[in-house]
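Written below as structure tokens is the structure these notes are about.
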Amino acid sequence: MNLNKVFIIGNLTRDPELRSLPSGAAVVNFSIATNRVWKDQQGQKQEQVEFHNIVSFGRQAELINQYLKKGSMVLIEGRLQTRNWEKDGVKHYRTEIVAESVQFGPKSSGGGFKQNSNSAPIKEEVKEELPEINIDEGDIKAEDLPF
Numbered sequence: 001m002n003l004n005k006v007f008i009i010g011n012l013t014r015d016p017e018l019r020s021l022p023s024g025a026a027v028v029n030f031s032i033a034t035n036r037v038w039k040d041q042q043g044q045k046q047e048q049v050e051f052h053n054i055v056s057f058g059r060q061a062e063l064i065n066q067y068l069k070k071g072s073m074v075l076i077e078g079r080l081q082t083r084n085w086e087k088d089g090v091k092h093y094r095t096e097i098v099a100e101s102v103q104f105g106p107k108s109s110g111g112g113f114k115q116n117s118n119s120a121p122i123k124e125e126v127k128e129e130l131p132e133i134n135i136d137e138g139d140i141k142a143e144d145l146p147f
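Numbering (the UniProt record's numbering), first residue to last: 1 to 147.
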């Protein structure tokens, strides 16, 4: 059995770029950043940022282009795909996430949704505040983790 499934939540690092395939179908490309924060062995806070290339097709691509912009939070469910092509005799590779499902995050002042003049405003949902969970990281050692 094989499985190629990705779930990722992050913020767009640039505005989506909408194009059309020769068939006329819409395709959109954008990237999102995810952050990982941890404390090292000396107790110093460390942070690592990963950048992920995303591609989406059809009506979903059109909606992404219409409502998302740089800074928007988004949940992507999809699959990994690596494309390759040759340019000027050099072979290039690009690994990207093909979005099968996209959920838009909350609107915020820094990022959020685009408001095109010809589009209806998005109804804002009331979000329940989740309690903060504090974990004593002193009890967790990297060598104890099974992975």
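Beta carbons are placed, not taken as given, at the ideal position from N, Cα and C, and that holds for glycine. Here the structure is a predicted model, which means the values were calculated and not measured.
Between the segment 98 to 105 and the segment 61 to 77, can you find at least three pairs of beta-carbon atoms closer than 8 Å?
Cβ pair count under 8 Å is three or more, so yes.
How is the alpha helix (DSSP H) around residue 78 delimited, first residue to last?
Along the sequence shown, read from residue 1 onward, the residue named residue 78 stands at position 78. Looking at the DSSP string, residue 78 is not in any alpha helix (DSSP H); the run it does join, the beta strand (DSSP E), is 73 to 87.
DSSP three-state assignment for residue 151, whether helix, strand or coil
The requested residue 151 does not occur in the structure, where the chain is confined to residues 1 to 147.
Status (buried if at least 16 other CB within 10 Å, exposed otherwise) for residue 90:
The residue given as residue 90 occupies position 90 in the sequence shown. Counting Cβ neighbours within 10 Å, residue 90 comes out exposed, since fewer than 16 surround it.
For residue 95, tell me which candidate among 16, 52, 60 and 63 has the shortest Cα-Cα distance.
Sequence index remark: in the sequence shown, residue 95 carries index 95 (1-based). Looking at the Cα atoms, 52 is the closest of the given residues.
Compare the beta carbon distance of residue 80 and residue 9 with 9 Å and say whether it is the shorter of the two.
Residue 80 sits at position 80 when you count from the first residue of the sequence shown. Residue 9 sits at position 9 when you count from the first residue of the sequence shown. Taking 9 Å as the Cβ cut-off, residue 80 and residue 9 do not qualify as a contacting pair.
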